[in-house]
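Just so you know, our numbering puts 44 at position 3 of the sequence shown, and the rest follows in order with no gaps. Have a look at the structure below before the remarks.
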Amino acid sequence: MADSLRIALAGLGTVGAGVIRVLTENGDLIARRAGRPIEIVAVNARDRSKDRGVDLSGYDWEDDMSAFATRDDVDVVVELVGGSDGPALALARKTLAGGKGLVTANKAMIAHHGMELAEAAEQAGVPLRYEAAVAGGIPAVKGLGEGAAANRIERIYGILNGTCNYILSQMEGSGADFGDVLKDAQELGYAEADPTFDVEGVDAAHKLSILASLAFGTRLDFDAVDCSGISAIRAADIAQADQLGFVIRLIGLADCTYDEMGCHLFQRVAPCLVAKDHALAGPKGPTNAVVIEGDHVGQLLLQGAGAGMGPTASAVVADLIDIARGFNPPPLGLPATMLQPSTPADPAGRHNRAYIRFTVADRPGVLAEITAALRDAEVSIESLIQHGKPGEDGEPVLVAMVTHEGPEGSVAKALDLLAGSPALTEAPLVMRLID
Ligand SMILES: NC(=O)c1ccc[n+]([C@@H]2O[C@H](COP(=O)([O-])OP(=O)(O)OC[C@H]3O[C@@H](n4cnc5c(N)ncnc54)[C@H](OP(=O)(O)O)[C@@H]3O)[C@@H](O)[C@H]2O)c1
Numbered sequence: 042m043a044d045s046l047r048i049a050l051a052g053l054g055t056v057g058a059g060v061i062r063v064l065t066e067n068g069d070l071i072a073r074r075a076g077r078p079i080e081i082v083a084v085n086a087r088d089r090s091k092d093r094g095v096d097l098s099g100y101d102w103e104d105d106m107s108a109f110a111t112r113d114d115v116d117v118v119v120e121l122v123g124g125s126d127g128p129a130l131a132l133a134r135k136t137l138a139g140g141k142g143l144v145t146a147n148k149a150m151i152a153h154h155g156m157e158l159a160e161a162a163e164q165a166g167v168p169l170r171y172e173a174a175v176a177g178g179i180p181a182v183k184g185l186g187e188g189a190a191a192n193r194i195e196r197i198y199g200i201l202n203g204t205c206n207y208i209l210s211q212m213e214g215s216g217a218d219f220g221d222v223l224k225d226a227q228e229l230g231y232a233e234a235d236p237t238f239d240v241e242g243v244d245a246a247h248k249l250s251i252l253a254s255l256a257f258g259t260r261l262d263f264d265a266v267d268c269s270g271i272s273a274i275r276a277a278d279i280a281q282a283d284q285l286g287f288v289i290r291l292i293g294l295a296d297c298t299y300d301e302m303g304c305h306l307f308q309r310v311a312p313c314l315v316a317k318d319h320a321l322a323g324p325k326g327p328t329n330a331v332v333i334e335g336d337h338v339g340q341l342l343l344q345g346a347g348a349g350m351g352p353t354a355s356a357v358v359a360d361l362i363d364i365a366r367g368f369n370p371p372p373l374g375l376p377a378t379m380l381q382p383s384t385p386a387d388p389a390g391r392h393n394r395a396y397i398r399f400t401v402a403d404r405p406g407v408l409a410e411i412t413a414a415l416r417d418a419e420v421s422i423e424s425l426i427q428h429g430k431p432g433e434d435g436e437p438v439l440v441a442m443v444t445h446e447g448p449e450g451s452v453a454k455a456l457d458l459l460a461g462s463p464a465l466t467e468a469p470l471v472m473r474l475i476d
């Protein structure tokens with residue numbers, strides 16, 4: 042058998058310890074598949090004394106992870122520290138500049154610095170792989186970059202954050218409100234102590250921007266993702282969606298329309314009403330799912346665990362196996378110089394049905410004011426539901442409606458007309474329908 046692929050592991054947390062487990066438990070099988078053994082040479086984390094449930098005695102401990110980038114006995118550095126900048130980025134830069142391959146699960150770093158890192162990897166002629174960064178164990182990067190490589194991609198969308206999917210499906214099952222379910226999710230380890238990145242859609246936006254670049258051959262543009270999360274969703278919205286035949290899911294969606302100016306890239310992460318018979322209504326709990334629509338393959342659905350020790354480590358090791366086999370495609374699907382700039386698409390002309398929930402003062406004339414604004418903006422209402430009062434008399438009332446299919450710009454105009462109205466006690470919540 043050929044020489045080992047020698048790796049250094051920076052980060053020994055959930056994913057790092059998982060990688061050691063996978064390589065230890067399946068080492069022989071992996072060596073046969075890769076054509077050579079994958080050997081851990083050195084490791085690093087913050088706290089050397091921490092018990093990580095894996096045996097580290099056979100590996101060198103480096104106090105400074107940046108030393109990996111210059112060690113002669115390391116072929117590939119595996120970055121599992123996290124954070125878009127800081128030590129992870131410094132290590133990534135130094136590793137690629139030093140002519141070593143890099144494997145990472147770090148979506149924040151790839152979303153923010155993927156262009157620079159891809160260029161550095163290509164210049165050095167070394168692999169940069171990040172399968173685990175997008176939807177954990179699901180081979181979404183491979184699915185797009187290899188499985189669907191023959192296709193013009195029309196649209197890519199999916200459930201890209203397990204924490205949000207867990208919270209939404211728990212709200213669905215229990216009738217509980219967001220705050221209570223979030224607390225349970227934190228106690229059970231499904232949500233971070235600071236859940237902001239997950240529940241406000243930022244984590245899903247990181248992944249979506251990476252998928253969009255791979256799908257449409259455009260330069261990574263995380264800043265252009267239109268991003269909202271799930272913290273405004275109430276039990277009443279879930280119940281209303283249910284009666285209408287829908288569930289609520291946080292969906293990341295990207296597509297591209299072309300004209301003489303090039304690609305107008307639409308990238309949005311937002312909660313949506315998904316019809317109960319749609320493929321994306323099925324995944325419950327922390328599951329992720331990615332739908333790829335290609336002009337020849339049609340619709341592909343990739344579904345599985347979007348996070349967790351085993352699934353994420355499985356994706357990291359799959360990247361290492363590719364490198365051991367000598368597979369080194371351009372990190373973003375095309376050589377970085379061939380990736381096209383895009384302009385953010387104007388959503389005003391997109392046509393869809395929308396669920397709009399108003400929270401209004403309980404007094405006469407309020408409904409008339411809302412319907413007048415919708416009429417003036419040429420939004421046509423398909424159904425209107427006025428919820429009972431959530432609390433005592435005088436408490437705000439929820440009024441929800443579903444619109445007929447129409448341009449998003451009209452809904453935006455109606456909301457502009459209502460902005461500042463004393464009738465509304467909080468900002469309206471708009472969710473698009475996917476059926
Ligand atoms: N967890 C998942 O399910 C999952 C899924 C997909 C992608 N990812 C990505 O994988 C990466 C790692 O995630 P994780 O869940 O394994 O994180 P984690 O459990 O928090 O582990 C992070 C590791 O990095 C080490 N570390 C942090 N800051 C450091 C520093 N300044 N210097 C040296 N070591 C440092 C920590 O050391 P100590 O242990 O000594 O504190 C720890 O071993 C992140 O980019 C994450 O987004 C995670």
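Every residue, glycine too, gets a C-beta built ideally from N, C-alpha and C. Note that the structure is a prediction, hence the values are computed from the model and not measured.
| Item | Value |
| --- | --- |
| With distances taken from CA atoms, which of I208, E213 and E233 is nearest I271? | I208 |
| Looking only at C-alpha atoms, which of V315, T384 and P327 sits nearest to F307? | T384 |
| Say the cut is 7 Å; is the CB of G349 nearer than that to a heavy atom of ligand 1? | yes |
| Measuring alpha carbon to alpha carbon, tell me which residue in I197, S125, R193 and Y231 is nearest S210. | Y231 |
| Under a Cβ-count criterion, where at least 16 other Cβ atoms within 10 Å of its own Cβ denotes burial, should V338 be classed as buried or exposed? | exposed |
| Around the Cβ of H153, are there at least 16 other Cβ atoms within 10 angstroms (buried) or fewer (exposed)? | buried |
| P312 lies in the beta strand (DSSP E); which residues open and close that run? | G303 to A316 |
| Starting from V331, trace the beta strand (DSSP E) in both directions and tell me its first and last residue. | T328 to G335 |
| Where do the N-terminal and C-terminal ends of the beta strand (DSSP E) with N369 fall, by residue? | Counting along the chain, N369 falls outside any beta strand (DSSP E), and DSSP gives it neither H nor E. |
| Bridge partners of C268, per DSSP? | V310 |
| Compute every distance between the C-beta of P128 and the non-hydrogen atoms of ligand 1, then say whether any falls below 7 Å. | yes |
| Could you spell out where the alpha helix (DSSP H) holding L459 opens and where it closes? | E449 to L459 |
| Once DSSP output is grouped into helix, strand and coil, what is the label at D300? | strand |
| By alpha-carbon positions, which one of F219, Q381, V438 and V122 ends up nearest to M302? | Q381 |
| In chain order, what residues of the same chain lie with their CB nearer than 7 Å to the CB of R74, ignoring the 5 residues before and after it? | I362 |
| Can you tell me the Cα-Cα spacing of T466 and T145, whole angstroms? | 45 Å |
| Mind checking if A311 is an interface residue toward chain C, Cβ cutoff 8 Å exclusive? | Looking for chain C here will not work: only one protein chain is present. |
| Closer than 7 Å by C-beta to A256: which residues in its own chain qualify, once you throw out the five before and the five after it? Chain order, please. | L185, I194, I197 and A295 |
| Quick check on the burial criterion: 16 or more other C-beta atoms within 10 angstroms. Buried or exposed for L143? | buried |
| Let me make sure I understand the geometry here. Which of E423, A162, V60 and G139 has the alpha-carbon closest to that of L375? | A162 |
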